[in-house]
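S.K.: So for the sequence shown, the working numbering puts the first residue at -9; every next one is plus one.
Every residue, glycine too, gets a C-beta built ideally from N, C-alpha and C.
Sharing a structure, written as structure tokens. Questions coming.
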Amino acid sequence: MQSADVTATFCATLVDEWCSLGVRHAVLSPGSRSTPMALALSNAVELRYEVFHDERSAAFAA
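Spelled out as structure tokens, the structure:
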């Protein structure tokens, strides 16, 4: 299995687990390293997420 596949699977599993635990809102700062997480968040229909392009603003919003 390729490293990207492992990362994508991990992120999808993590987001699924968050949803099963009742998490309904997430904050995301997109970038090349967070692409697998961004894709996992966008595929979770029960989860709402906000996108912030500045990491400091994202941290404040979270």
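#1: Out of -3, 49, 12, which one is the CA nearest neighbour of residue 22?
#2: By how many angstroms is the C-alpha of residue 45 removed from the C-alpha of residue 38?
#3: Tell me whether residue 16 sits in a helix, a strand or coil according to DSSP, three-state version.
#4: Check residue 36 in the structure and name its three-state DSSP category.
#5: From which residue to which residue does the alpha helix (DSSP H) around residue 4 run?
M.R.: In short:
#1: -3
#2: Taking the CA atoms as reference points, residue 38 sits about 18 Å from residue 45.
#3: strand
#4: Residue 36: coil per DSSP, three-state reduction.
#5: -7 to 10
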